[in-house]
Amino acid sequence: MQANEPNQDDLFAQVVDATKKAIDGAGDAYREAFQDVQDRLPTFDEVLAQAIRLPGTGVNRTSYLTEVIGRKHAQLVRQAIETTPARAGLSPRDIEKIAKKSLGKDGRRTTALSFAAGIPGGVAGAVTIPADLVQFYGYLVRSIQKLTYLYGWRDLVHVDASQTDVATASALVILLGVMAGVRRADDALARLARLRASVADDARLRTALAAHGMQSEVNQISEELTRRMAKRLGGQVAGKAIPVVGGIVSGFVTGSGFDEMAKRLLKELKRHGA
Numbered sequence: 673m674q675a676n677e678p679n680q681d682d683l684f685a686q687v688v689d690a691t692k693k694a695i696d697g698a699g700d701a702y703r704e705a706f707q708d709v710q711d712r713l714p715t716f717d718e719v720l721a722q723a724i725r726l727p728g729t730g731v732n733r734t735s736y737l738t739e740v741i742g743r744k745h746a747q748l749v750r751q752a753i754e755t756t757p758a759r760a761g762l763s764p765r766d767i768e769k770i771a772k773k774s775l776g777k778d779g780r781r782t783t784a785l786s787f788a789a790g791i792p793g794g795v796a797g798a799v800t801i802p803a804d805l806v807q808f809y810g811y812l813v814r815s816i817q818k819l820t821y822l823y824g825w826r827d828l829v830h831v832d833a834s835q836t837d838v839a840t841a842s843a844l845v846i847l848l849g850v851m852a853g854v855r856r857a858d859d860a861l862a863r864l865a866r867l868r869a870s871v872a873d874d875a876r877l878r879t880a881l882a883a884h885g886m887q888s889e890v891n892q893i894s895e896e897l898t899r900r901m902a903k904r905l906g907g908q909v910a911g912k913a914i915p916v917v918g919g920i921v922s923g924f925v926t927g928s929g930f931d932e933m934a935k936r937l938l939k940e941l942k943r944h945g946a
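Note that the sequence shown covers residues 673 to 946 in my numbering.
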């Protein structure tokens, strides 16, 4: 990238600044409505709990691998399900291509939904933010499942809309932390990888994760994610102030965030997966 070429963070900052100025000129009614929304923002744990309960958030491992591997590698599907895609014979390049294609599809969907939620503008746009946020994290959780399945973490995450166990909740916080660029989450994932190597399978890893808890690390990662989520939502609140333009801003914030977060997790799972 050339020195004078703006990156996504620069563009994001410019968009937020411009839309905040628009709100400042929109009158007290708008500002009070947006402040009310910000005052009622949920914690990260609350958003994650809601996201898990969304219809379609859970991804069945067998069905997913059958669909994405069977298209070009039908003869490897059964072994990939019984072991892992890599052990079944898929090359790192093939696995990465499948992963990026899945992520691209989810990214386009969540961006489109965020755009649609932002179109009303004004107060109507502001009140869509919590649902928009839950939808965003729902797609991130879907992507986590797909990536962990592709990179050999068979049983680490079990997303069930009716009940979430301690191991899954802790693993999701760590993996979402990795996606958000939280350094402590990278360290926690590395620790999970070492533990995984020592216990031999993910079922025992889940037991160890629930028993040992890693609770202090998980809590600290969750707190950091809550802070980052609130900061990012400031831009989304601002962006939804203006009809249509608000939809573009919301889609930009969501789309750029999703792509960046998905790439981070892909990179780390390539390093620690098998």
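Even for Gly, the Cβ is constructed at its ideal location relative to N, Cα and C.
Treat the numbers as computed from the prediction; the structure is a model and nothing was measured.
Unbroken stretches of the alpha helix (DSSP H), 4 residues or longer, contained in the stretch 840-878: 855-871
Leu-844 and Val-719 closer than 9 Å at C-beta: no
C-beta atoms of Ala-647 and Lys-818 nearer than 9 Å: One cannot answer for residue 647 here, as it falls past the ends of the chain, which runs 673 to 946.
Alpha-carbon spacing of Gln-887 relative to Ile-893, whole angstroms: Rounded to the nearest angstrom, the gap between the Cα atoms of Gln-887 and Ile-893 is 10 Å.
Three-state secondary structure (DSSP) of Asp-832: coil
Classification of Thr-879 by the beta-carbon crowding that lies within 10 angstroms, buried from 16 upward: Exposed: under 16 other Cβ atoms inside 10 Å.
Gly-742: first and last residue of the uninterrupted alpha helix (DSSP H) it sits in: 733-742
Pairwise C-alpha distance: Tyr-811 and Ala-852: 14 Å
Reduced DSSP category for Gly-929 - H, G, I as helix; E, B as strand; rest coil: For Gly-929, the three-state secondary structure derived from DSSP is helix.
Whole-angstrom distance between Ser-763 and Ala-776, CA atom to CA atom: Residue identity check: residue 776 is Gly in the sequence provided, not Ala. The alpha-carbon atoms of Gly-776 and Ser-763 are separated by roughly 20 Å.
Burial state of Ser-842 (16 or more Cβ within 10 Å): buried
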